[in-house]
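Student:
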Amino acid sequence: MQERLQKFISQAGVASRRHAEELITSGKVRVNGKVVTKLGTKVDPSIDRVEVDHKKIETQKLIYLVMNKPKRCVTTRRDPRARKTVYDYLPAELRDVVWPVGRLDFLTEGLLIFTNDGELTQQLTHPSREHEREYEAVLDKEISSGRIEKLEQGMIIDGKKTAPAKVRTNGTTVYITIHEGWNRQVRKMFSAFGYTVRNLKRVRIGNLKLADLESGTYKMVQRKDLL
Numbered sequence: 017m018q019e020r021l022q023k024f025i026s027q028a029g030v031a032s033r034r035h036a037e038e039l040i041t042s043g044k045v046r047v048n049g050k051v052v053t054k055l056g057t058k059v060d061p062s063i064d065r066v067e068v069d070h071k072k073i074e075t076q077k078l079i080y081l082v083m084n085k086p087k088r089c090v091t092t093r094r095d096p097r098a099r100k101t102v103y104d105y106l107p108a109e110l111r112d113v114v115w116p117v118g119r120l121d122f123l124t125e126g127l128l129i130f131t132n133d134g135e136l137t138q139q140l141t142h143p144s145r146e147h148e149r150e151y152e153a154v155l156d157k158e159i160s161s162g163r164i165e166k167l168e169q170g171m172i173i174d175g176k177k178t179a180p181a182k183v184r185t186n187g188t189t190v191y192i193t194i195h196e197g198w199n200r201q202v203r204k205m206f207s208a209f210g211y212t213v214r215n216l217k218r219v220r221i222g223n224l225k226l227a228d229l230e231s232g233t234y235k236m237v238q239r240k241d242l243l
């Protein structure tokens, strides 16, 4: 059965759909020995030989896991400053297999998804999908009702207007739900109003909740749990 080349590459766990398209258009993909650069190309995985950077790729078992990322580690495979990375919390057999879906900054903890499913990565990160992300932010002081209203209406940060957020509070703890994934977005939203975020934790992505997963640990989940 034929399928689009970029879909096959992403499902093989080589790259996300978007990155797979870049690999194709840059001439790094061969089908049956010939370089292919057209995104409309279709292949039959049962008979066609597909290579990326001269390495044959095949479909593999898809893996899905979630981690409670600790603070003070980076969401990259390696860090030039020799800081701890999220991969230090994964077993050796998974470190070169899965990648994180999105990022959490150095001081932010909480729910982080890992997979080798390029199609799922595309679905969860594409802005048009509007997957909700809920954060627990502990502020230096209680937030005013006027500020909450502005968060719920959308506000300007870095020259762009945020989508309306969902907000609930418990003293200095604020639970805020957004669906964009801008760099340090939640911190910047509160900072714009003069609040300091003392602790930030992502507690939910879509229907998936962090629950009682301990910091620095992970668990396997199923694809349906992430959509």
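Numbering (this note's numbering), first residue to last: 17 to 243. For each residue, glycine too, the CB sits at the ideal point set by N, CA and C. From a predicted model like this one, the values you see are computed outputs, not experimental measurements.
Name the two residues that bound the continuous beta strand (DSSP E) containing Phe130.
Tutor: Here the beta strand (DSSP E) through Phe130 covers 125 to 131.
Student: Measure the C-alpha to C-alpha separation of Pro1 and His195 and round it to an integer number of angstroms.
Tutor: As shown, the chain starts at 17 and ends at 243. That puts residue 1 outside it, with no answer to give.
Student: Note down the Cα distance separating Ser32 from Trp115, rounded to an integer number of angstroms.
Tutor: If I take the Cα positions, the gap works out to 10 Å.
Student: Compare the beta carbon distance of Thr131 and Thr124 with 8 Å and say whether it is the shorter of the two.
Tutor: Against a cut-off of 8 Å, the Cβ pair of Thr124 and Thr131 comes out as no contact.
Student: Quick one: is Val51 buried, meaning 16 or more other Cβ sit within 10 Å of its Cβ, or exposed?
Tutor: Val51 should be labelled exposed.
Student: Does the beta-carbon of Asp133 have 16 or more other beta-carbons within 10 angstroms, so that it is buried, or is it exposed?
Tutor: Its Cβ being crowded by 16 or more others within 10 Å, Asp133 is buried.
Student: Measuring only the C-alpha atoms, how far is Arg111 from Gly49?
Tutor: Distance between the alpha carbons of Arg111 and Gly49: 30 Å.
Student: Please state whether the Cβ-Cβ distance between Pro86 and Ser231 is less than 8 Å.
Tutor: Yes.
Student: Checking 8 Å against the spacing of the C-beta atoms, do Asp244 and Lys44 come in under that value?
Tutor: Lying outside 17 to 243, the shown extent of the chain, residue 244 is not represented and no answer is given.
Student: Looking at Tyr211 and Lys177, is the spacing between their C-beta atoms short of 8 Å?
Tutor: No, the pair does not count as a contact, with Cβ atoms beyond the cut-off.
Student: Excluding the 5 residues flanking Arg34 on each side, which residues of the same chain have their C-beta closer than 8 Å to its C-beta?
Tutor: If we look at Arg34 and ignore the five residues flanking it on each side, its Cβ neighbours are Gln138.
Student: Alpha carbon to alpha carbon, how far is Lys58 from Arg254? Give it in angstroms, no decimals.
Tutor: This structure does not reach residue 254, given that the chain is present from 17 up to 243, and the question cannot be answered.
Student: Could you round the C-beta distance between Ile192 and Tyr151 to whole angstroms and report it? I think they count as a contact, below 8 Å.
Tutor: Going by Cβ atoms, the distance from Ile192 to Tyr151 rounds to 5 Å, so yes, they are a contact pair.
Student: Under three-state DSSP, which class holds Arg149?
Tutor: The answer is strand: DSSP assigns Arg149 an E or B state.
Student: Can you check which of these residues, Gln22, Met236, Lys225, is closest to Leu127 by C-alpha distance?
Tutor: Checked all of Gln22, Met236, Lys225; the closest Cα to Leu127 is Lys225.
Student: Closest by CA to Arg88, which one among Gln201, Tyr105, Leu81, Glu38?
Tutor: The shortest C-alpha separation from Arg88 is found at Tyr105.
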